[in-house]
Amino acid sequence: EAVNLISYGSWDEGRQIATVLDLRLAAKLYEPGGQVKARLSSIWERPERFSTHYMVALQLVGPDDKKIGTPAQAHLSQTPAMGQTKEMPLALPADAAAGRYVVRYTLGPHHHDGAKSEPVLEAERTFFVVPDLDDRLTKLEATIAAVKEPSSEGGKVALSTARWYADIYRKGQKSDVPGAYSDHPLFMVAQLSATGFSQERMAFDRELALAETLATRLGEGAADPLAKLDGDLRLAYSSPVDGERVPFRVFVPSGVDLAKPLPLVVALHGAGGDENAFMERYAGLYKKEAQARGYLAVAVNGRGPYTGYRGAAERDVLDVTDLVQRLWEVDPHRVYLMGHSMGGMGTVLVGFDHADRFAALAPIAGFGQASQLAKAPKMPLFLGQGDRDALVPVEGARAFQQAAKTEGRAVEYVEKAGTDHLLIVDQVMKGVFDFFDAHRRN
Numbered sequence: 004e005a006v007n008l009i010s011y012g013s014w015d016e017g018r019q020i021a022t023v024l025d026l027r028l029a030a031k032l033y034e035p036g037g038q039v040k041a042r043l044s045s046i047w048e049r050p051e052r053f054s055t056h057y058m059v060a061l062q063l064v065g066p067d068d069k070k071i072g073t074p075a076q077a078h079l080s081q082t083p084a085m086g087q088t089k090e091m092p093l094a095l096p097a098d099a100a101a102g103r104y105v106v107r108y109t110l111g112p113h114h115h116d117g118a119k120s121e122p123v124l125e126a127e128r129t130f131f132v133v134p135d136l137d138d139r140l141t142k143l144e145a146t147i148a149a150v151k152e153p154s155s156e157g158g159k160v161a162l163s164t165a166r167w168y169a170d171i172y173r174k175g176q177k178s179d180v181p182g183a184y185s186d187h188p189l190f191m192v193a194q195l196s197a198t199g200f201s202q203e204r205m206a207f208d209r210e211l212a213l214a215e216t217l218a219t220r221l222g223e224g225a226a227d228p229l230a231k232l233d234g235d236l237r238l239a240y241s242s243p244v245d246g247e248r249v250p251f252r253v254f255v256p257s258g259v260d261l262a263k264p265l266p267l268v269v270a271l272h273g274a275g276g277d278e279n280a281f282m283e284r285y286a287g288l289y290k291k292e293a294q295a296r297g298y299l300a301v302a303v304n305g306r307g308p309y310t311g312y313r314g315a316a317e318r319d320v321l322d323v324t325d326l327v328q329r330l331w332e333v334d335p336h337r338v339y340l341m342g343h344s345m346g347g348m349g350t351v352l353v354g355f356d357h358a359d360r361f362a363a364l365a366p367i368a369g370f371g372q373a374s375q376l377a378k379a380p381k382m383p384l385f386l387g388q389g390d391r392d393a394l395v396p397v398e399g400a401r402a403f404q405q406a407a408k409t410e411g412r413a414v415e416y417v418e419k420a421g422t423d424h425l426l427i428v429d430q431v432m433k434g435v436f437d438f439f440d441a442h443r444r445n
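Using the numbering used here, read the sequence shown as starting at 4 and increasing by one per residue.
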């Protein structure tokens with residue numbers, strides 16, 4: 004109800020029913036000719052009967068935005084019982100091309116006389132088609148099984164990455180591949196998409212090819228299968244905390260001399276996100292600035308969307324930072340930490356608790372506890388904040404700025420008028436990198 008009131012200023016029967024119903028797909032990955040099993044279900048119970056007849060329509064849409072087949076429809080004349088599920092299968096063509104597909108969901112009143120009404124909710128669930136997926140996974144698993152455990156750091160990461168992809172892609176044939184926002188109800192997905200926070204995470208065919216490349220190089224005895232790779236790489240490592248394979252993303256700028264030490268920036272996502280947030284969102288500015296300035300840019304998983312970067316999540320930040328410094332040549336005096344929202348608070352927590360590791364910090368729309376500041380009185384700080392932020396009030400950011408001002412500390416505070424909790428990241432990204440360019444650890 005709160006989300007609807009914030010977004011639309013109203014709460015009526017139609018919007019209420021939009022929150023009652025949810026659509027899920029039985030799998031995230033399909034081969035051409037497969038059947039997409041869509042499931043319409045009730046996630047809470049509305050005690051009153053509908054006063055109007057409603058209809059849900061599902062339309063399969065391909066990568067070229069062309070509709071495929073005829074819509075599947077479900078007519079709703081009364082409130083479904085909680086947990087009630089209706090299967091609505093959609094068939095993929097045998098010649099379906101590889102790529103991203105959507106099931107387009109429309110909920111609205113249905114008039115028997117054919118009259119038209121505006122939809123109550125329009126939203127999408129995404130999935131991917133990968134030709135020969137099962138065969139490719141079988142070959143990948145066989146290649147991995149034949150590989151001897153490598154001794155080099157790069158070899159270990161390559162093997163962990165190949166194993167991680169094989170596991171999640173197998174799971175993707177049965178259920179959703181784990182990722183940020185994939186578990187939100189459909190009406191929430193619609194809100195996130197409207198603000199640019201899509202649940203899209205990766206190009207499945209491209210990243211499956213990365214896993215195949217790494218496994219093949221390992222099988223050929225390559226000492227460092229990661230050598231000579233650049234661009235955006237989604238990798239995984241085996242955590243020393245519990246042995247879990249944990250994903251992270253690293254952007255390796257192209258056209259730079261990787262034999263020379265590069266600056267490194269590590270980004271922490273906000274609540275609800277994962278390692279994909281900084282790489283996929285914010286108008287791509289994180290990677291664009293890293294490429295333009297020759298930075299290695301990393302985004303960590305954080306062990307889940309709501310950890311606050313404590314416990315294993317804090318260890319994850321430090322372990323990935325150390326790992327990247329072992330895998331690539333990094334200037335030890337130019338390692339930086341930044342984050343948004345929960346990640347901004349994590350930047351303050353982790354950055355000041357381990358101040359000897361970082362040259363400067365940049366929390367955005369998340370400032371943390373002022374008591375942390377005393378742990379490193381000279382740590383340079385960039386603070387970004389929008390004055391229309393409804394989640395992190397600007398008054399708190401202003402107070403944190405004042406508390407951060409100590410003799411010898413460089414503090415840059417950028418407050419954007421009329422900017423909310425999400426848009427602030429786009430507006431200060433260049434300034435964050437400018438700030439990092441100007442500071443190095445003695």
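The C-beta atom is built at its ideal place from N, Cα and C for all residues, glycine as well.
Start and end residues, beta strand (DSSP E) containing residue i
i         : result
residue 3 : The chain is shown from 4 up to 445; residue 3 falls before or after that span and cannot be answered.
Other residues of its chain near residue i: CB distance less than 6 Å, five sequence neighbours each side excluded
i           : result
residue 40  : 29 and 92
residue 354 : 340, 361 and 364
residue 290 : 254
residue 404 : 386 and 416
residue 233 : 255 and 257
residue 159 : 153
residue 111 : 120, 122 and 123
Secondary structure of residue i, DSSP reduced to three states
i           : result
residue 98  : coil
residue 194 : helix
residue 319 : helix
residue 385 : strand
residue 43  : strand
residue 57  : strand
residue 363 : strand
residue 339 : strand
residue 334 : strand
residue 111 : strand
residue 312 : coil
residue 348 : helix
residue 328 : helix
residue 62  : strand
residue 394 : coil
residue 173 : helix
residue 378 : helix
residue 353 : helix
residue 166 : helix
Close Cβ partners of residue i (< 8 Å) along its chain, the five nearest in sequence each way excluded
i           : result
residue 97  : 35 and 36
residue 274 : 308, 309, 344 and 345
residue 390 : 397, 418, 419, 420, 421 and 422
residue 188 : 22, 25 and 46
residue 247 : 241
residue 299 : 253, 254, 255, 256, 265, 266, 267, 268, 293, 327, 331 and 333
Rounded Cβ spacing between residue i and residue j (contact assumed at less than 8 Å)
i           : j           : result
residue 388 : residue 368 : 6 Å
residue 264 : residue 325 : 15 Å between Cβ atoms; not a contact.
residue 133 : residue 211 : 7 Å
residue 443 : residue 362 : 5 Å
residue 239 : residue 331 : The pair is not a contact, with the Cβ atoms about 17 Å apart (cut-off 8 Å).
residue 20  : residue 49  : 7 Å
residue 126 : residue 53  : Not a contact, Cβ separation roughly 20 Å.
residue 115 : residue 80  : Their Cβ separation, rounded to whole angstroms, is 11 Å, which puts residue 115 and residue 80 out of contact at 8 Å.
Span of the alpha helix (DSSP H), counted from its first residue to its last, around residue i
i          : result
residue 9  : 5-11
residue 18 : 16-23
Any non-hydrogen atom of the ligand GTP within 7 Å of residue i CB
i           : result
residue 136 : For the ligand GTP, the structure offers nothing, since it holds no ligand at all.
Residues near residue i in its chain [Cβ-Cβ closer than 7 Å; skip 5 each side]
i           : result
residue 303 : 251, 269, 271, 278, 319, 320 and 323
residue 436 : 292 and 296
Check your understanding: Which full runs of the beta strand (DSSP E) of 3+ residues lie inside the region 203-275, going along the chain?
Key -> 234-241, 248-255 and 265-271
Check your understanding: At what residue ranges does the region 399-443 contain a whole run of the alpha helix (DSSP H), taking only runs of 4 or more?
Key -> 426-440
Practice item. Output the residue ranges of the beta strand (DSSP E) runs that lie fully inside the region 124-161 and measure 3 residues or longer, sorted by chain position. Key: 124-132
**Study point:** Runs of alpha helix (DSSP H) wholly within the region 281-309 (minimum 4 residues, chain order)
**Key:** 288-296
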